[in-house]
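The sequence shown stops at residue 692 when you use the UniProt record's numbering, and every number in between is there. Glycine included, each C-beta is placed from N, C-alpha and C at the ideal position.
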Amino acid sequence: MELRALLWLTAGGSLVLFLLLMMLGRRKGRMEAVTAGSSEEMQSQAGYKGLWQQFLLRSYSLAVRTAWIRYLLMKVRSRMSVMQMYEERTLRIQSMQMLYALAGINAATLVGLLVMNPGVIFALTSIIVGAVIQGLLLELKVNRMEVMLLEGMLSLLSGVRHAYQRHGMAADAVEEAGEDAAEPIRRHARFIHDALTDSKPAEALEHYYETAPNRFLKAFAGISQLIMEFGDQNKGKGSLYLRGLGNLTGEIQLDVLRRKRLDYLLKGLSFIALLPVFFTRLVERWAISSFPLTEQFYLSKPGLLVKAGLLLIVLMSTLLLQKLKGEEEYAARHREDKLNWETKLYRLRGFRKVALCFIPLPGSRARVHLQQLLKDTNHSQSLELFQLRRILLFILCTTLAVGGAFSMHWKSKQWIENEPPAGYTFFGSLSSQDREAAERAVAMDKQLLHSSAVRSEMDREQLKAEIMRTAIERSHKRSAPELEAEAASARIIDKLNRLDREYFKWWELPAAAGIGMAGYYMPYLMLLLKRRIRMMDRKNEVYQFQTMIYILRELDRISVEEILEWMYSYAVIFRQPLQKCLLHFSHGSEAALLELKEEAGLEEFRQLVDKLILANEKITIHAAFDDLESDMSFQFEQRRLHFEKSLDTKAELGRIFGFAPMYSLIFGYLVIPLIWMSFRQMDIYFEQIQHL
């Protein structure tokens with residue numbers, strides 16, 4: 001059975017199995033509804049939506065018991081939990097629904113690509129592309145849900161403002177506005193209200209901070225708790241709570257605009273980067289049909305290297321686009337939750353000894369540089385685990401390169417044996433006579449190459465004479481057998497010489513090691529890119545700190561430690577330095593603040609820490625930040641310009657990463673083969689001229 005027919009049967013069988021499972025879920029749902037005995041429950045469960053949800057819940061319970069499906073399900077669940085953290089049933093339904101959608105898209109992609117180009121290598125490529133598409137669709141879904149949550153929060157803050165103006169109670173205003181809000185922001189408003197009215201509101205808010213999906217909800221809950229604890233302040237500038245809500249609304253609006261504009265600028269670039277994978281076979285078929293000589297290039301070692309390089313460029317471009325669009329806040333919230341595979345390997349003595357051998361010496365410049373790079377990028381791994389990952393990538397890339405070299409030699413031997421004689425085709429398609437002549441010549445070459453005369457140990461002159469004799473015997477029925485035998489002899493001798501050169505050469509091992517070194521430095525280069533991207537957002541976070549401190553300084557009993565705690569709950573990029581400062585604050589506040597200033601690495605943040613140092617010992621917080629009000633308009637314009645510059649830089653990088661695979665497809669799959677064909681034709685013309 002052909003592979004294409006087998007793929008269609010597999011796809012059809014999967015569809016039939018899916019329909020059978022759905023029908024089984026419906027039947028079981030009806031039976032449970034009848035057993036329940038309640039007419040209302042029967043009507044709800046008998047509906048299509050109820051049956052579908054029951055099917056998804058049963059699929060979830062079955063999926064968590066299967067190892068490889070559980071891994072994918074937990075990955076989807078961890079991303080979907082940003083929106084449905086408090087509703088386990090809804091979270092399971094949405095996670096399983098998303099998993100089914102991703103599985104269907106992956107199956108369709110795999111079958112479609114394999115139908116266009118059946119083969120084991122292309123099957124592996126299709127699986128990789130399917131996994132990349134799965135990640136892209138999951139991120140797209142979650143980003144839309146996060147934007148919807150932020151937009152819902154804007155309506156919630158508007159309702160809280162109106163309710164607070166009516167009765168002047170923060171907790172009651174949150175409760176009243178939450179009742180009119182839509183899901184899922186209504187659920188968060190209910191949790192915030194319960195925390196504010198709890199007997200221990202500080203502890204209740206700490207529990208909420210651990211599960212809050214974004215920092216704006218943390219800030220809203222924190223401001224409401226501060227107002228309830230210290231009271232509202234009205235020093236001729238209006239309500240402090242309302243001003244805080246206004247500033248928070250402006251921050252959310254700016255973040256929503258940033259997300260939407262970044263999504264607009266980078267819209268579709270990830271899928272554009274994946275398009276060359278779908279068009280490689282089509283471009284190859286067109287080139288072979290128009291210029292048949294290019295088939296020799298596509299099947300040769302340079303052609304295989306071009307294909308591998310194109311796939312690598314596609315994967316790297318997609319990964320870089322994800323890094324460019326990825327939200328730092330999600331990574332900061334979830335990096336402590338998972339035990340990565342490097343940690344498990346590092347616990348083994350052998351891997352630990354190898355990793356320690358490649359770690360720079362304490363106090364060396366390389367060690368300080370790597371530690372600072374990990375700190376600047378807020379990386380979750382230690383230096384030991386980071387070096388272990390680089391070593392494992394070096395081993396993996398080197399092994400793949402060596403395996404690829406052996407595979408290319410094997411493919412080259414196959415191509416040499418099946419290579420048609422040069423000179424049959426130059427432009428256009430083959431005629432039927434030329435095709436038959438080429439197939440006949442290839443069949444004769446293969447028979448002669450596998451004959452006992454060729455396999456025996458004899459010199460080239462004796463071998464040439466033996467090939468001439470055998471070729472004359474096989475072509476005695478055609479005209480000019482001597483000329484055909486001489487051409488066949490020269491062709492087979494050339495193929496034998498080329499086959500003798502197809503072995504793993506010594507210089508291929510250093511080349512494989514060079515590819516391994518590229519894999520070794522890849523995590524380091526990714527961290528450099530991540531630091532550059534984070535540098536664009538560091539000033540933005542400092543501006544957000546200043547905006548909220550402008551409100552907090554109005555509270556008479558606020559302390560520097562409380563401001564640091566609020567900054568820590570709100571921070572993303574400066575989260576680790578602030579956490580370290582809070583841990584050391586009770587043992588020496590000034591020393592902790594000075595250490596925070598040294599670790600900042602940004603002038604604007606250092607100036608902010610200088611004011612906190614002054615407010616800690618010498619002057620009040622209001623006096624330390626008395627210039628914030630006069631600088632707010634200037635900072636807003638400066639922030640807007642930085643916002644535009646950051647988006648323009650990301651858009652420029654996104655266009656480079658997005659269109660690089662397409663340019664590589666055109667240059668590698670069209671330009672290079674045509675140039676190679678031109679030189680090949682010139683060689684053939686010169687050989688024909690010499691034989692005139």
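Taking the alpha carbon of residue i as the reference point, which residue from the options has its own alpha carbon closest?
i, options, result
"Asp376", "Leu614, Val277, Ile533", "Ile533"
"Leu140", "Lys530, Arg531, Arg79", "Arg79"
"Val129", "Arg65, Ile689, Met169, Pro276", "Pro276"
"Leu320", "Ile672, Glu598, Glu652", "Glu652"
"Arg491", "Leu385, Glu687, His369", "Glu687"
"Leu528", "Asn378, Ala571, Pro577", "Asn378"
"Gly250", "His587, Met153, His409, Arg186", "Met153"
"Glu87", "Arg186, Ser199, Ile223, Met148", "Arg186"
"Leu596", "Ile619, Ala623, Met567", "Met567"
"Lys446", "Asn418, Met468, Arg469, Ala465", "Asn418"
"Lys307", "Leu612, Pro420, Glu284", "Glu284"
"Pro184", "Gly168, Met169, Lys353, Leu156", "Leu156"
"Ala131", "Lys353, Thr109, Ser290, Trp286", "Thr109"
"Met444", "Met632, Pro420, Leu265", "Pro420"
"Val402", "Lys505, Leu374, Val368", "Lys505"
"Val142", "Pro523, Pro213, Arg166", "Pro213"
"Leu266", "Ala660, Gln690, Leu293, Gly654", "Gly654"
Compute the minimum distance between the beta carbon of residue i and the heavy atoms of the ligand ZN, and state whether it is under 6 Å.
i, result
"Arg365", "This structure simply doesn't include the ligand ZN, nor any ligand for that matter."
Quick one: grab the DSSP three-state call for residue i.
i, result
"Asn616", "helix"
"Trp507", "coil"
"Gln165", "helix"
"Asp648", "helix"
"Pro292", "coil"
"Pro276", "helix"
"Thr398", "helix"
"Val354", "helix"
"Arg65", "coil"
"Arg349", "helix"
"Gln576", "helix"
"Ser199", "coil"
"Leu555", "coil"
"Gly231", "coil"
"Ala480", "Confidence is the limiting factor: at Ala480 the pLDDT is only 46, short of 50, which leaves the residue's position unreliable, though a coordinate-based value still follows. In the structure shown, Ala480 sits in coil (DSSP, three-state: anything other than H, G, I, E or B)."
"Thr377", "coil"
Thinking C-beta only, is residue j closer than 7 Å to residue i?
i, j, result
"Gln381", "Ile359", "no"
"Ser126", "Leu138", "no"
"Phe643", "Ser317", "no"
"Ile313", "Ser664", "yes"
"Ile573", "Arg538", "yes"
"Gln371", "Leu383", "yes"
"Gly244", "Ile272", "no"
"Leu248", "Ala219", "yes"
"Phe625", "Ile551", "no"
"Glu508", "Ala405", "yes"
"Leu555", "Phe230", "yes"
"Leu582", "Ala571", "no"
"Arg261", "Leu647", "yes"
"Ser412", "Glu502", "yes"
"Phe216", "Pro673", "no"
"Ile416", "Leu304", "no"
"Ala170", "Ile227", "yes"
"Leu56", "Ile93", "yes"
"His622", "Arg553", "yes"
Please list, in chain order, all residues of the same chain as residue i whose beta carbon is under 7 Å from its beta carbon, the five residues on each side excluded.
i, result
"Asp232", "Ser239, Leu240, Tyr241"
"Phe545", "Met567, Leu608"
"Ala513", "Thr398"
Note down, in chain order, each residue of its chain lying with its Cβ closer than 6 Å to the Cβ of residue i, except the 5 sequence neighbours on either side.
i, result
"Ser95", "Val76, Arg77, Met80"
"Ala173", "Val160, Ala163, Tyr164"
"Arg639", "Tyr543"
"Phe394", "Gly516, Gly519, Tyr520"
"Phe278", "none"
"Ile613", "Leu593"
Output needed for residue i: all residues of its chain with C-beta closer than 8 Å, excluding positions within five of it in sequence on either side, in chain order.
i, result
"Ala195", "Pro201, Ala204, Leu205, His207, Tyr208, Ala221, Gln225"
"Lys323", "Met526, Leu529, Lys530, Ile533"
"Met31", "Only weak support is given to the placement of Met31: the predicted model assigns it a pLDDT of 48, under 50, and the question is left unresolved by the model."
"Lys28", "Reliability fails at Lys28, whose pLDDT of 48 lies under 50, so the model's placement of it is uncertain and no value is given."
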